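Reviewing the structure listed below.
Residue numbers (UniProt numbering), protein chains in the order written: chain D, 1 to 337; chain P, 1 to 164.
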């Protein structure tokens, strides 16, 4: 680990001014940043510890939504009675990710900002455009069974590793951020970036900004949701493919559909045109397959990850079927029904 | 003894004992426990939060101590495997691990037991599947999982019975 200076912020203003020093990084739960520092992938000159700022908790919003503090541990969010009642898709996605120990420490803001688990990104001996812009992408033509099939570029085929963010994408969450210049709101769809020719930049969060909270809109799906995560082992592994599905049904017809995919792109993947294909249809396998094929139509395999295209198509159909039946995927017994 | 000039003062309560310590900001809680306090029960398995062998309780919650920078937890209460027994009496989970032969080499066991203490305190496990899922952050390369779950289930069900 590199040597760095340590600042414990006692107010948001203090944290924002401490962050203005070149090479400064925010430390919250640390479950990703400390790990990246041990690998010499992250080498901050200064850590600004915000963990004691009053940015935790969960509060109700006037519109029926809920506000998650940036520092609320993932476990506290997942087991909160209001989250379980009003955003069960989010609770389920969080419990599908990491381990109990990590969820006790990892925060809302940190989960949004966690970096890819691409093995080349994690290995400073290898080139990586995300870690060292311009050095190349060995995943293209290399070992890439974990990598992206949608929205990639010739510079980077890494995936965003989060489960929580996939649910936030399906729920149209809003990210509240602050900088010395004031506050702004970033819709989740605009928060994470595609790699393009700047894969070193994961998100649209400014270098001078700090996430303060995340707003969830009022529930739209009732029991008609599911988070289906497919991985190499039954627990504590990153997604090969995951799907967050939400349906709003009226008189046996779909009036609204949300489908977000994890493990397939540099950001949680939404395709609004494909979702619109479902509106007006009965919630049956034929309609689901039609939408799934539309989502995967632009997918490109790189050899090792070719299987993800068919796996994702089937996962979308299955997650939508679970959502339609009001029988969300269990994150405990693991049987996929 | 050599002390890094970057060391920062911190106060911890470790297994009930107040400790005034100093640590450089890059020292993890795991290294502080093992190297400074000589509490070597918590193990450095992977040092990356992937194996759970370093699991301890901080302010009542189970965490991977290898991913916690010690200075960030100034003022915290830490409990390690060394702090679970009371006098000469083992913690019920320690006894259950012995009774169910829930270990082979024993390297992961301190982390397994601390994790199980956290699991029971959290109260989110209501069946065997839940225990398996909520213990997935603790790897056992010997593969003693079945007996580990048996041991935790015995204590969990005993506690459920006692509460009924």
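Built from N, CA and C at the ideal position, the CB exists for glycine as well.
Here the structure is a predicted model, which is why all the values come from computation and not from measurement.
Within 7 Å, strictly: CB atoms of residue i and residue j
i: residue 166 of chain D; j: residue 176 of chain D; result: no
i: residue 63 of chain P; j: residue 42 of chain P; result: no
i: residue 102 of chain P; j: residue 53 of chain P; result: no
i: residue 85 of chain D; j: residue 109 of chain D; result: no
i: residue 47 of chain D; j: residue 16 of chain D; result: no
i: residue 34 of chain D; j: residue 67 of chain P; result: yes
i: residue 280 of chain D; j: residue 170 of chain D; result: no
i: residue 259 of chain D; j: residue 275 of chain D; result: yes
i: residue 78 of chain D; j: residue 91 of chain D; result: yes
i: residue 277 of chain D; j: residue 290 of chain D; result: yes
i: residue 222 of chain D; j: residue 163 of chain D; result: no
i: residue 157 of chain P; j: residue 100 of chain D; result: no
i: residue 256 of chain D; j: residue 210 of chain D; result: no
i: residue 155 of chain D; j: residue 199 of chain D; result: yes
i: residue 216 of chain D; j: residue 66 of chain D; result: yes
i: residue 54 of chain D; j: residue 23 of chain D; result: no
i: residue 320 of chain D; j: residue 288 of chain D; result: yes
Cβ neighbours of residue i in the same chain (closer than 8 Å, five flanking residues each side left out)
i: residue 23 of chain P; result: 7, 8, 10, 32, 36, 70 and 71
i: residue 15 of chain P; result: 39, 78, 79, 80, 82 and 83
i: residue 265 of chain D; result: 148, 149, 150, 151, 152, 159, 160 and 194
i: residue 93 of chain P; result: 84, 113, 116, 117, 120, 151, 152 and 155
i: residue 299 of chain D; result: 149, 150, 264, 308, 309 and 312
i: residue 73 of chain P; result: 10, 12, 29 and 58
i: residue 105 of chain D; result: 29, 30, 31 and 73
i: residue 135 of chain D; result: 127, 128 and 129
i: residue 328 of chain D; result: 88, 89, 92, 223, 225, 226, 227 and 322
i: residue 91 of chain P; result: 84, 85, 113 and 117
Neighbourhood of residue i by C-beta, 6 Å cutoff - its chain only, sequence neighbours within 5 removed
i: residue 401 of chain D; result: Lying outside 1 to 337, the shown extent of chain D, residue 401 of chain D is not represented and no answer is given.
i: residue 8 of chain D; result: 49
i: residue 238 of chain D; result: 117 and 161
i: residue 269 of chain D; result: 150 and 261
i: residue 45 of chain P; result: 51 and 53
i: residue 323 of chain D; result: 224, 225, 226, 245 and 247
i: residue 173 of chain D; result: 188, 214 and 216
Neighbour list for residue i in chain P, Cβ cutoff strictly below 8 Å
i: residue 34 of chain D; result: 28, 67, 68 and 69
i: residue 126 of chain D; result: Those within 8 Å of residue 126 of chain D in chain P number zero; the least Cβ separation is about 18 Å.
i: residue 146 of chain D; result: Chain P residues near residue 146 of chain D: none, gap ~15 Å exceeds 8 Å.
i: residue 104 of chain D; result: 61, 62, 63 and 118
i: residue 162 of chain D; result: Ordered by position in chain P, no residue passes the 8 Å Cβ test against residue 162 of chain D, which lies about 15 Å from the chain.
i: residue 51 of chain D; result: 72
i: residue 27 of chain D; result: 69 and 72
7 Å CB neighbourhood of residue i in its chain, flanking five on each side removed
i: residue 342 of chain D; result: This structure cannot settle anything about residue 342 of chain D, because the visible part of chain D is limited to 1 through 337.
i: residue 122 of chain D; result: 39 and 41
i: residue 219 of chain D; result: 86 and 87
i: residue 145 of chain D; result: 304 and 305
i: residue 332 of chain D; result: none
Beta-bridge pairing of residue i - partner residues as DSSP gives them
i: residue 63 of chain P; result: P:56
i: residue 213 of chain D; result: D:69 and D:176
i: residue 185 of chain D; result: D:176
i: residue 71 of chain P; result: Answer is none; residue 71 of chain P lacks a bridge partner.
i: residue 229 of chain D; result: D:242
i: residue 6 of chain D; result: D:47
i: residue 165 of chain P; result: In this structure chain P extends from 1 to 164, so residue 165 of chain P is not present and cannot be described.
i: residue 14 of chain P; result: P:17 and P:78
i: residue 153 of chain D; result: D:156
i: residue 192 of chain D; result: D:203
i: residue 117 of chain D; result: Beta-bridge pairing links residue 117 of chain D to no other residue.
i: residue 248 of chain D; result: D:256
Chain D contact residues for residue i, given Cβ-Cβ distances below 8 Å
i: residue 25 of chain P; result: 4, 5, 6 and 47
i: residue 130 of chain P; result: 332
i: residue 47 of chain P; result: 38
i: residue 52 of chain P; result: 99 and 101
i: residue 115 of chain P; result: 100 and 101
Residues that residue i contacts on chain D, provided the C-beta gap is smaller than 7 Å
i: residue 136 of chain P; result: 99, 235 and 236
i: residue 8 of chain P; result: 6
i: residue 161 of chain P; result: Within chain D, no residue comes near residue 161 of chain P; the closest Cβ sits about 22 Å away, beyond 7 Å.
Heavy atom of the ligand FAD within 6 Å of residue i beta-carbon
i: residue 72 of chain D; result: In the structure shown, the ligand FAD is absent, as is every other ligand, since no ligand is present at all.
Contact set between residue i and chain P, taken where Cβ atoms lie within less than 9 Å
i: residue 30 of chain D; result: 67, 68, 69 and 72
Chain-ordered neighbours of residue i on chain P, where CB pairs are closer than 7 Å
i: residue 79 of chain D; result: 124
In chain order, what are the residue ranges of uninterrupted alpha helix (DSSP H) at least 4 long that sit wholly in the region 20–86 of chain D?
Taking 4 residues as the minimum length, the alpha helix (DSSP H) runs contained wholly in the region 20–86 of chain D are 33–38, 74–79 and 81–86, in order along the chain.
Give, in chain order, every unbroken run of the alpha helix (DSSP H) that is at least 4 residues long and sits entirely within the region 283–329 of chain D.
When DSSP assignments are scanned along the region 283–329 of chain D, the uninterrupted stretches of alpha helix (DSSP H) that are 4 or more residues long and fall wholly within it turn out to be 285–296 and 307–325.
Which runs of the alpha helix (DSSP H) at least 4 residues long sit entirely within the region 99–123 of chain P? Give them in chain order.
Taking only runs of at least 4 residues, the alpha helix (DSSP H) segments lying wholly in the region 99–123 of chain P are 109–122.
Suppose only complete runs of 4+ residues qualify. What are the alpha helix (DSSP H) ranges in the region 251–285 of chain D, listed by chain order?
272–278, all fully within the region 251–285 of chain D.
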